[in-house]
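Chains as they are written, first to last, in UniProt numbering: chain A, 1 to 187; chain B, 1 to 187.
For every residue, glycine included, the Cβ atom is placed at its ideal position computed from N, Cα and C.
All values reported here derive from a predicted model rather than from experimental measurement.
2 protein chains.
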Amino acid sequence: MSDSRAATALEVIAPALRHAREDAGISLNELAKRAGLAKSTLSQLESGAGNPSVETLWAVAATLEVPFSRLVEPPAPHVKVIRSGRAPKLGSEQGDFAAGLLSSCPAGASRDLYEITLPPEQERHAEPHHRGTIEHLVVTSGTLRAGPAAEPVELEPGDYLTFSGEVAHVYRTLSRQATALLIMEHK
Amino acid sequence: MSDSRAATALEVIAPALRHAREDAGISLNELAKRAGLAKSTLSQLESGAGNPSVETLWAVAATLEVPFSRLVEPPAPHVKVIRSGRAPKLGSEQGDFAAGLLSSCPAGASRDLYEITLPPEQERHAEPHHRGTIEHLVVTSGTLRAGPAAEPVELEPGDYLTFSGEVAHVYRTLSRQATALLIMEHK
DNA sequence: TCCATTTGTTCGCCTTGACGAACAATCGCT
DNA sequence: AGCGATTGTTCGTCAAGGCGAACAAATGGA
């Protein structure tokens, strides 16, 4: 994850900054005024010189109404399809629980996709993941109860659930069997 | 989106940094050595003083193998459920196309969730969204062809598709009707 | 055309971040 | 205990970032 970063931060910041500003359609002068910075500073940044302080970049991001990360992290991923049922069955089989890691997303955005299949009436406990982990669950068949151990939620096909993966959580089938897609963001 | 930021960047960086380092289980000394920084610098940062340069923070993030944004952006959201079919029908109806904005996610992480329903044999064109927008699509019923206008993909229930929303894209029903969940990240 | 305004870049000055050394506090081993 | 090593904090020094002013280029009315 970290090894895909540009050698120097400026290589990504400079173009991103210019792009963001032009998207906003405002001049260097205007941005400087709004953000409370010197235009000279911004000029240097966009030209790839310097090494801005976090507060400086912060001010810019806030003014442009752009998330900080967009100025700091590389571009975007692209098209990717995952076919239902084509999950390479992979590790961590526990009982009949099968979690197939469908795709470890492209560098930069660390987002993994799992297709999980739960057998009848089984409960699966998951330990807390790393800080910043967010899980997105979309039920594709069956019914189940899932979510943080403290407050699991009953779900039907088409239902969507998101929760922080930082705490212990559970998946429990209510129907004969249930399948769901799980998008796990490590943010 | 921007108004939920902390007043000063350090208010979020300082604790995040300490947390991340302790998670990694290494000492200030060790981190300094690995990241090629002075321990004094790190000490001050964790104590909430100063205003680090981007490259400095960058080095820390890379060394801790933590995405830059985690050091800079606030914590995480929490549990949220969306029931299938409970979509408040909302604006942008085009023909029989119905896109219900199910939930505009909590401040910080800007992630919107839509449930979209497409009538038979209809094609829906979507203009490019803002830079950094990523779409995640999970088909819950029916079959459709979706994705960037240049290379749409055929999808069945349970299939997952992700693509950059920065370019024009399309949704076209192949079956009688199709429904899908759409997670839209503005990142 | 001319002039006024605004664009973005380049210049010294001053503040401030990053460094290394010296520091006190804690831990670990015998 | 006793001592060595390592923890994290505080100090002075130096380099670098951020500032405002002065600058040249491009724009746009009258």
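In three-state terms, what does DSSP make of residue i?
i, result
"Ala149/B", "coil"
"Thr173/B", "strand"
"Val167/A", "coil"
"Ala35/A", "helix"
"Ser27/B", "coil"
"Ser47/A", "coil"
"Thr133/B", "coil"
"Leu181/B", "strand"
"Thr41/A", "helix"
"Cys105/A", "Reliability of the predicted coordinates at Cys105/A is poor, the pLDDT of 33 falling under 50, and the value obtained from them is presented with this limitation in mind. Looking at Cys105/A - three-state DSSP - the assignment turns out to be coil, as it is neither helix nor strand."
"Thr117/A", "strand"
"Thr143/A", "coil"
"Glu154/B", "strand"
I'd like the span of the alpha helix (DSSP H) that includes residue i, first residue to last.
i, result
"Val60/A", "54-64"
"Ala9/A", "9-24"
Could you give the distance in angstroms between the alpha-carbon of residue i and the alpha-carbon of residue j?
i, j, result
"Ala126/A", "Glu166/B", "35 Å"
"Arg64/B", "Glu123/B", "Sequence check: residue 64/B is Leu here, not Arg. Spanning the two alpha carbons is a distance of roughly 46 Å."
"Ala99/B", "Leu174/B", "The predicted position of Ala99/B is uncertain, since its pLDDT is 40 and thus under 50; a value taken from the coordinates is nonetheless stated next. Going from the Cα of Ala99/B to the Cα of Leu174/B covers about 18 Å."
"Asn51/B", "Ser53/A", "6 Å"
"Val12/B", "Leu144/A", "37 Å"
"Ser157/A", "Val170/B", "Residue identity differs from the one stated: residue 157/A is Pro in this sequence, not Ser. Their backbone Cα atoms lie some 25 Å apart in a straight line."
"Leu118/A", "Val66/A", "40 Å"
"Val138/B", "Leu181/B", "5 Å"
"Ala178/A", "Ala178/B", "21 Å"
"Val72/B", "Ala146/A", "30 Å"
"Pro152/A", "Ile134/A", "15 Å"
"Ala16/A", "Ala59/B", "19 Å"
"Leu45/A", "Leu57/B", "17 Å"
"Leu28/B", "Ala62/B", "15 Å"
"Ser129/A", "Ser69/B", "Checking the displayed sequence, the identity of residue 129/A turns out to be His instead of Ser. Whole-angstrom Cα-Cα distance: 17 Å."
"Lys39/B", "Glu22/B", "15 Å"
"Arg18/B", "Ala49/B", "13 Å"
"Glu55/A", "Glu30/A", "18 Å"
"Ile116/B", "Thr41/B", "50 Å"
"Gly142/B", "Asp159/B", "11 Å"
"Phe163/A", "Glu154/A", "14 Å"
"Leu37/A", "Met184/B", "33 Å"
"Ala32/B", "Ala14/A", "27 Å"
"Thr140/B", "Thr140/A", "6 Å"
"Gly25/A", "Ala150/B", "28 Å"
"Ala168/A", "Glu121/A", "19 Å"
"Leu161/A", "Pro148/A", "11 Å"
"Thr8/A", "Ser43/B", "23 Å"
Give the range of the beta strand (DSSP E) segment to which residue i is assigned.
i, result
"Glu73/A", "Premise fails: Glu73/A is in no beta strand (DSSP E) and is neither H nor E."
"Glu123/B", "123-126"
Would you say residue i touches the ligand ADP, meaning its beta carbon is less than 7 Å from a heavy atom?
i, result
"Thr8/B", "The model on display carries no ligand, and the ligand ADP is accordingly not part of it."
Where the segment 12-36 of chain A meets chain B: residues whose CB sits under 8 Å from a CB there:
Hits within the stretch, in order: Ile13, His19, Ala20, Asp23.
Give the residues from the segment 122-148 of chain B that approach chain A closer than 7 Å (Cβ to any Cβ), ordered along the chain.
Cβ contacts with chain A: Arg131, Gly132, Ile134, His136, Val138, Thr140, Gly147, Pro148.
For the segment 148-177 of chain A, enumerate the residues whose C-beta is nearer than 8 Å to any C-beta of chain B, in chain order.
Listed by position along the chain: Pro148, Glu151, Val153, Leu155, Glu156, Pro157, Gly158, Asp159, Tyr160, Leu161, Thr162, Phe163, Ser164, Glu166.
Could you please tell me which residues of the segment 45-74 of chain A, in chain order, have their CB closer than 7 Å to any CB of chain B?
Cβ contacts with chain B: Asn51, Pro52, Ser53, Val54, Glu55, Leu57, Trp58, Ala62, Glu65, Pro67, Phe68, Ser69, Arg70, Val72, Glu73.
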